[in-house]
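A.B. asks:
In the working numbering, the protein residues as written are 155 to 351.
1) Only counting the same chain, and skipping five residues up and downstream in sequence, which positions put a Cβ closer than 8 Å to that of residue 302?
2) Helix or strand or just coil, what does DSSP make of residue 322?
3) Sorted by chain position, which residues of the same chain lie with C-beta nearer than 6 Å to residue 343's C-beta, five sequence neighbours on each side aside?
4) What is the DSSP secondary structure of residue 315, counted as helix, strand or coil?
5) Within the same chain, show all residues whose beta-carbon is closer than 6 Å to that of residue 323, passing over the 5 residues directly before and after it, in chain order.
6) In angstroms with no decimal places, state the Cα-to-Cα distance between residue 186 and residue 178.
7) On the criterion of 16 or more Cβ atoms from any shown chain inside 10 Å, does residue 347 qualify as buried, or is it exposed?
8) Starting from residue 305 and walking both ways along the alpha helix (DSSP H), at which residues does that stretch end?
9) What would DSSP say about residue 263, mapped onto helix, strand or coil?
10) In chain order, what residues of the same chain have a beta carbon less than 6 Å from the beta carbon of residue 373, not counting five sequence neighbours either side?
11) My guess is that residue 270 and residue 317 are in contact by the Cβ rule of under 8 Å, so how many angstroms apart are they, rounded?
12) Count the C-beta pairs between the segment 254–262 and the segment 195–206 that are closer than 8 Å, then say yes if the count reaches three, no if not.
13) Over what stretch of residues does the alpha helix (DSSP H) that includes residue 225 continue unbroken?
14) Return the CA-CA distance between residue 234 and residue 228, expressed in angstroms with no decimal places.
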C-alpha cells in the first residue's frame, strides 16, 4: 500500500475540472443569451406599439386643430374614410395619412374616418317668475319648468337643423414580423364653435 500516492498535498486544477467548468459556463451562457434574445424581441414589439401610439397621438392632436368648417367640407358620404395603404405624401388639411414611418419601429398605415354626429340638447328651464318666495341662496325655493328632451336638435335633417359635431376616428395599423396584424385606434369629436348656434 505504500506505493499508492494521493494528490492530497499538491495544488492545482486538473484538465477534467477545467473541461467541466467550461461546460457549465457554456451551458449557462447559452441559456442566458436565449433569455436576452427573447427579451429583445419583446422590447421590439413594445417599441412598435409605442411608435404606433405616438403616431396616433400626433394625428389626433393635428386633426383637433382643424376648424369644423374645414372638416365638414371633407365629408362627402357618411362616413368618409381616408385610407391609402402604402401611399406616402397624402394628407387631409395638412394632416398626413397613409404610410407613416417611425425610426427603428418600422412602417405603419394611418386611416381617418370622419362622420357627422347628430346631437340633441335637452333642457329643464329655471322659472323665476313662478317661484313663490324665491331666494337665490336657498335651493328649495327654486322652480323649474318641465324637461324638454329635444330643445335643440342638430341632426342634419334640414337647413334649420344642420350638423354641428363631427366624429373622427384615427386608426394606426401595422404587421408584426410573425405576420399578425395589429392596430391602435382613438375617437374624438370637433364641434362647430364659429357661431352657428
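Note that CB positions come from ideal geometry on N, CA and C, so glycine has one too.
Everything numeric in this text was worked out from a predicted model, so none of it was measured.
C.D. replies: This is what the structure holds:
1) The sequence position of residue 302 within the chain shown is 148, counting from 1. Counting only Cβ-Cβ distances below 8 Å, and skipping sequence neighbours, we find 276, 277, 278, 279.
2) In the chain shown, the residue the question calls residue 322 occupies position 168. If DSSP states are grouped into helix, strand and coil, residue 322 belongs with the strands.
3) To locate residue 343, count along the chain shown from 1; it is residue 189. The residues are 319, 321.
4) Numbered from its first residue, the chain shown carries residue 315 at position 161. Residue 315 falls in the coil class under three-state DSSP.
5) Here residue 323 is taken as the residue at index 169 of the chain shown, counted from 1. The residues are 267, 341.
6) Reading the chain shown from its first residue, position 32 is the one you call residue 186. Reading the chain shown from its first residue, position 24 is the one you call residue 178. Each residue's Cα considered, the two are about 12 Å apart.
7) Reading the chain shown from its first residue, position 193 is the one you call residue 347. Classification of residue 347: exposed, given that the 10 Å Cβ count is below 16.
8) Here residue 305 refers to the residue found at position 151 when the chain shown is read from its first residue. Residue 305 -> not in any alpha helix (DSSP H); beta strand (DSSP E) instead, spanning 302–308.
9) Reading the chain shown from its first residue, position 109 is the one you call residue 263. Strand at residue 263.
10) Examination of residue 373 is not possible in this model, given that the chain is present from 155 through 351 alone.
11) The residue labelled residue 270 in the question sits at position 116 within the chain shown. The residue labelled residue 317 in the question sits at position 163 within the chain shown. So it is a contact: roughly 4 Å between Cβ atoms.
12) yes
13) If you number the chain shown from 1, residue 225 lands on position 71. Note, residue 225: alpha helix (DSSP H), 222–228.
14) Residue numbering aside, residue 234 sits at position 80 when the chain shown is read from its first letter. Residue numbering aside, residue 228 sits at position 74 when the chain shown is read from its first letter. For residue 234 and residue 228, the distance between alpha carbons rounds to 8 Å.
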